[in-house]
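Quick note, the sequence shown lines up with residues 6 to 499 if you use the numbering used here.
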Amino acid sequence: MIFRIHITAFSWLLCFSALVSGQTVGQLIQQTPQCAVSCFLNVLPDASCLASVEQLNSCVCTNATLLTTLSGCTRLSCEVPDQILGENALEQICHGSPLFVESQVTFLKVLALLAIALAVPSIGLRWYARYKSSTLGVDDYLALLATLALIAVGAVQLASSFLGFGVHVWVVDPRNAIPLLRLYWISQQLYILDQLLTKISLLALYLRVFPKRWINLTARYGIVVMVVQETIFYFLILLRCSPVSASWDIRQKGQCLDLNAIGFAGAILGIAEHFAILVMPLPELWKLKLSKRKRIMLAFVFSLGSFSLFTSVIRIRYVRKFAPTADLSWDIAPAISWSLIEMLSAVICLNLPPCRQLISKIIPRQLATTIHGGKNGTGAYGVYGAMTDRGALTTERKGNPPPMGGILHTTTIEVTHEVNADDDFTAKTRPSVSSAASRRSLQTLDEEYDEPKERGRTKVKRPPAATVRRTPSLDVVDIDRSRLGLYEYFRPKG
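Shown next as structure tokens:
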């Protein structure tokens with residue numbers, strides 16, 4: 006008797022819906038399977054919802070909780086063909102409702118494509134720079150794997166958005182429900198893999214760059230700890246349910262671990278490790294005397310690392326929705342999006358520093374001998390090269406690429422030119438020596454410029470400073486040859 010009353014009530018409901026959609030009551034009843042009718046009657050608040058069309062719409066089509074419960078009941082009680090019929094009937098009832106129209110699909114697609122578009126050139130530039138300098142190392146291979154994992158996550162998110170990821174669960178095609186949940190299960194494993202590869206690649210880079218013993222020990226122990234930790238989390242996600250197929254098929258009866266607890270614990274540990282890796286090199290970097298350009302570059306790299314840490318903190322807010330929600334395709338979209346943003350910023354921060362030498366070749370800077378013009382913008386060539394009235398000459402001498410685990414040592418010699426107060430111009434050359442290695446290189450450079458014994462004359466010992474006098478017209482140059490050790494001088498043709 007009660008079941009017959011329920012059928013009658015549902016018939017009146019479809020009758021009201023038919024007035025709106027233009028279909029007959031018989032057609033809607035024929036389209037709705039019995040299992041879907043039972044689910045609807047179980048979640049209907051009360052009979053007052055059938056009082057009017059407006060009341061019906063307010064009860065059913067604007068209640069997200071009711072729609073979520075109805076969709077879950079239908080997917081558990083009905084086979085896939087019946088689920089499709091039930092979803093079609095519900096869509097006809099609530100056609101045009103905001104809960105059936107709103108979507109995050111466009112944002113998810115753009116984000117996935119952007120992540121792939123930025124990840125590919127970043128790893129390409131890194132490998133090209135290391136290949137050109139013949140300094141490929143373990144950290145480069147790990148960075149390549151981390152970037153590939155990021156690209157895989159972006160591809161999975163892009164495919165999921167076409168299947169219904171980013172819309173409410175009652176809008177998702179029932180035929181796409183299992184593939185969508187399976188892709189979500191795969192994306193969790195790829196996220197853990199990407200996090201592991203990114204962190205140990207950074208630590209491998211520290212082992213390669215910083216010779217300090219405490220950094221080496223910390224990095225080695227950190228790699229071991231992170232490999233063990235992420236391996237545990239990986240298998241917790243992989244084997245979370247028994248049987249494993251229950252992870253993506255809600256109709257499978259099995260036992261599953263609390264996904265919310267696993268995700269929250271992993272997020273907290275990830276933030277702590279991210280912070281530790283970010284601040285580890287700061288004591289050594291603080292001791293370096295860097296130019297303004299390099300300080301700006303370093304600040305930019307660390308700002309990317311800080312942004313990645315910031316996204317990890319924001320992600321925790323959405324991680325708590327992993328398990329409790331039944332509207333998975335909609336509620337988890339922000340968490341997956343922030344996870345992708347976190348991985349993207351971390352990979353770019355990982356790939357950017359090794360590209361510095363390549364960027365320096367593309368963007369002009371003072372890597373070789375450069376001359377800065379003075380006030381007048383006119384220069385002449387003297388003993389050691391070009392000279393200007395007011396300017397500087399900077400030379401960087403670079404050796405061969407360092408071996409694995411070494412640091413490239415660059416010796417910089419700066420030559421300044423001063424102008425005396427009298428009418429004649431005097432250019433004084435005094436190399437600026439900043440280290441013992443630089444002084445030795447400078448001594449070798451001086452010996453190369455000393456003239457050998459020639460024409461029976463003894464070698465003239467060079468003074469600590471060479472003086473070149475020029476007239477204001479810059480046409481005639483008078484050189485003190487006894488001090489410079491030059492024996493042939495040609496006056497420029499007037």
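Ideal Cβ placement from N, Cα and C applies to all residues, glycine included.
In this model, S63 and T70 are separated by some 13 angstroms (Cα to Cα). Residue environment for D263: exposed (fewer than 16 other C-beta atoms within 10 angstroms of its C-beta).
Around the Cβ of G259, a 10 Å sphere holds fewer than 16 other Cβ atoms; the residue is exposed.
By the neighbour-count criterion, in which a residue is buried when 16 or more other Cβ atoms sit within 10 angstroms of its Cβ, P248 is exposed. Across the structure, I346 and W219 are spaced so that their CA atoms are roughly 32 angstroms apart. Distance from the Cα of V306 is smallest, within the candidate group A338, P358, W291 and A266, for P358. Ranked by how close their Cα comes to the Cα of A340, the residues A351, I321 and L202 have I321 in first place. Contact between R325 and F269 holds, with the beta-carbon distance rounding to 7 angstroms and staying under 8 angstroms. For V85, the uninterrupted alpha helix (DSSP H) segment begins and ends at V85 to I98. In terms of CA proximity to T67, C99 leads the group G271, C99, L81 and E278. Under the 8 angstroms Cβ criterion, the region 75 to 93 does not count as touching the region 190 to 198, having fewer than three qualifying pairs. In this structure, the straight-line span from the alpha carbon of D332 to that of N181 is close to 14 angstroms. Under the three-state reduction of DSSP, F170 is assigned to strand. By the C-beta criterion, the region 233 to 242 is judged not to be in contact with the region 168 to 180, since fewer than 3 inter-stretch pairs fall below 8 angstroms. Contact annotation: the region 128 to 148 touches the region 203 to 216, with at least three C-beta pairs closer than 8 angstroms. For L222, the uninterrupted alpha helix (DSSP H) run begins and ends at R218 to L243, by DSSP. In this structure, the alpha-carbon of S165 lies about 26 angstroms from that of F312. Nearest C-alpha to L349 among L119, L241 and L72: L119.
Rounded to whole angstroms, the separation of the alpha carbons of S317 and A338 is 15 angstroms. Within the same chain, Cβ atoms closer than 8 angstroms to the Cβ of M285 are found at Y211, I220, T223 and A224, the five residues on either side in sequence being excluded. Around the CB of T111, fewer than 16 other CB atoms lie within 10 Å, so the residue is classed as exposed. Sixteen is the threshold: since fewer than 16 other Cβ atoms of the shown chains lie within 10 Å of the Cβ of Y226, the residue is exposed. Counted as a single uninterrupted DSSP element, the stretch harbouring N68 is not any alpha helix (DSSP H), since DSSP gives it neither H nor E. At a Cβ-Cβ threshold of 8 angstroms, L202 and A272 do not count as neighbours.
Bounds of any alpha helix (DSSP H) do not take in R256, whose DSSP letter is neither H nor E. Judged by DSSP secondary structure, N47 falls within the alpha helix (DSSP H) whose first and last residues are Q39 to V48. S82 sits in a helix when the DSSP states are folded into three classes. Beta-carbon to beta-carbon, I121 and G159 are separated by about 5 angstroms, close enough to satisfy the 8 angstroms threshold. In the structure shown, the three-state DSSP call for S139 is coil.
When Cβ pairs closer than 8 angstroms are counted between the two stretches, the region 124 to 137 is seen not to touch the region 70 to 87, the count staying below three. Taking 8 angstroms as the upper bound for CB-CB distance, I353 and L309 are in contact here, some 6 angstroms apart.
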